[in-house]
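Residue 287 in this note's numbering sits at position 18 of the sequence shown, with consecutive numbering throughout.
No residue lacks a Cβ here, since even glycine has one placed at the ideal position from N, Cα and C.
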Amino acid sequence: MIISPCISICKTDPQTGYCYGCARNNEEKKMWKMQETTEEWKKSNLTIIQTRLSGWQLESFKESYDHKIENGISLYKKNLNNE
Numbered sequence: 270m271i272i273s274p275c276i277s278i279c280k281t282d283p284q285t286g287y288c289y290g291c292a293r294n295n296e297e298k299k300m301w302k303m304q305e306t307t308e309e310w311k312k313s314n315l316t317i318i319q320t321r322l323s324g325w326q327l328e329s330f331k332e333s334y335d336h337k338i339e340n341g342i343s344l345y346k347k348n349l350n351n352e
């Protein structure tokens with residue numbers, strides 16, 4: 270099962286329509302939640318959204334998404350729980 274790329278930084282850039290955290294648009298967010306969305310589509314979307322990110326934003330996404338895959342929680346939520 271492919272885990273959602275949401276890393277809990279849920280703010281949308283008004284110019285691009287992409288989330289600052291995961292770089293998905295609203296339609297892509299809906300697709301991730303649909304039962305009929307295939308694993309192939311999700312893999313492809315993960316590749317696409319990472320092309321929308323660069324520099325520190327891409328590195329931050331990768332680090333938080335990897336942490337979410339390994340631990341079931343994004344770094345942002347982990348840090349909130351530790352405060």
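Note the first and the last residue of the continuous alpha helix (DSSP H) segment covering residue i.
{"i": "S277", "result": "Where S277 is concerned, there is no enclosing alpha helix (DSSP H), given that its DSSP letter is neither H nor E."}
{"i": "N314", "result": "308 to 320"}
{"i": "I338", "result": "324 to 340"}
In angstroms with no decimal places, state the Cα-to-Cα distance between residue i and residue j.
{"i": "M270", "j": "P283", "result": "31 Å"}
{"i": "Y289", "j": "I278", "result": "7 Å"}
{"i": "S323", "j": "L349", "result": "25 Å"}
{"i": "T281", "j": "T306", "result": "23 Å"}
{"i": "S329", "j": "M303", "result": "27 Å"}
Between the options, which lies nearest to residue i when the distance is taken from Cα to Cα?
{"i": "R321", "options": "K302, H336, R293, M303", "result": "R293"}
{"i": "W301", "options": "E332, K331, N351, C275", "result": "C275"}
Open item on the list: Could you check whether the region 337 to 348 touches the region 304 to 320, counting it as contact only if at least three pairs of C-beta atoms, one from each stretch, sit closer than 8 Å?
Closed with: no
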